[in-house]
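3 is the number of the first residue of the sequence shown in our numbering; add one for each residue after it. Built from N, CA and C at the ideal position, the CB exists for glycine as well. Please read the structure below before turning to the comments.
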Amino acid sequence: MKNTILIVEDEESLSGYLTKELQFEDFNVLVASDGLAAMETYQEHQNELLLILLDWMLPKLDGMEVLRRIRKHDQLPVIIMTARDYIGDKVAGLDNGADDYITKPFEIEELLARIRVIQRRADNQIDVNQVYQADDVQLDTKAHRVTNADEEVILTHREYDLLQFFLAHPDEVFTRDDLLDQVWGADFLGQQNVVDVYVGYLRSKLATPDAAPLIKTVRGVGYKLREPMSNVQE
Ligand code: CA
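Printed below as a string of structure tokens:
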């Protein structure tokens with residue numbers, strides 16, 4: 003089981019505090035204090051990492067650039083730590099493939115809750131071996147791969163989980179609350195509109211000319227998958 007967290011933070015008092023707290027929770031912790039060191043540590047320990055806690059404002063390479071470079075290689079979960087409480091930064095981070103963000107200062111419990119969601123998701127992916135299909139969209143849980151008309155679609159972890167959730171429950175309508183509970187985890191502390199943001203991302207990444215969006219808005223309720231689909235067991 004992957005158990006290592008890479009903390010990328012130039013503020014020593016914060017990285018020291020987080021290291022202690024995370025070690026106390028039995029995580030193995032690595033620390034990098036600038037963006038270049040983060041890339042080196044990532045490359046060296048890639049296969050052990052559960053997730054990266056990534057500060058946004060960093061010397062040498064900023065968090066956005068680190069995230070961009072990591073996303074060229076893989077879909078390792080990344081939680082952004084930002085000191086700036088502007089929705090623009092959060093959306094930029096999510097747009098660039100972050101899985102979650104946390105605004106400084108934060109309580110350690112809030113961070114641990116988010117880490118647990120990622121851990122749970124990592125645990126759930128083991129032994130699941132299924133291919134979901136809805137029209138031209140196919141999601142292969144074994145390969146962790148999504149295609150649309152045989153073209154690969156690159157999704158973030160969260161987008162992938164949200165799509166998988168809809169595909170696994172083709173006939174049900176879900177409220178934003180349901181989706182937050184099921185996909186983000188009951189302990190998610192952000193805002194409900196994050197669901198709308200992610201449904202928007204999925205729609206644009208999976209858009210096909212002449213077809214209605216795969217995820218349908220049910221007015222006054224929430225969202226559902228557009229129509230029943232086949233569910234192929236491998
Ligand atoms: Ca910083």
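A residue is called buried once 16 or more other Cβ atoms fall within 10 Å of its Cβ, and D97, having fewer, is exposed. Under the three-state reduction of DSSP output, G95 falls in the helix class. Judged by DSSP secondary structure, V201 falls within the alpha helix (DSSP H) whose first and last residues are 195–207. Between the alpha carbons of L20 and Q135 lies a gap of roughly 41 angstroms. Under the three-state reduction of DSSP, N150 is assigned to strand. Spatial neighbours of F168 in its own chain (CB-CB distance under 7 angstroms, excluding positions within 5 residues in sequence) are listed in chain order as I217, L227.
Within its own chain, the residues whose Cβ lies closer than 8 angstroms to the Cβ of E50, once the five positions on either side in sequence are excluded, are K4, N5, T6, N30, listed in chain order. Check the Cα spacing between G65 and each of T84, L191, H47: the tightest is with T84. Just measuring C-alpha positions, the residue of R122, L16, K106, V155 sitting nearest A209 is V155.
For L60, the Cβ falls inside the 7 angstroms cut-off from some heavy atom of ligand 1. Boundaries of the beta strand (DSSP E) around A34: 30–34. The shortest C-alpha to C-alpha distance from L204 to any of T219, L114, K144 is the one to T219. DSSP places G37 inside the alpha helix (DSSP H), whose first and last residues are 37–47. Around the CB of D102, 16 or more other CB atoms lie within 10 Å, so the residue is classed as buried.
Beta-bridge annotation (DSSP): A136 is paired with V139. Short note on D180: C-beta not closer than 7 angstroms to any heavy atom of ligand 1. Ligand 1 approaches D57 closely enough that one of its heavy atoms is under 7 angstroms from the residue's Cβ. Going by beta carbons, V80 and I54 fall inside the 8 angstroms limit. Under the DSSP assignment, T84 falls in the beta strand (DSSP E) whose first and last residues are 80–84. Between ligand 1 and the CB of E13, the shortest heavy atom gap is smaller than 7 angstroms. Looking at the DSSP output, T219 shares a beta bridge with Y225. K74 has its alpha-carbon roughly 16 angstroms from the corresponding atom of V148.
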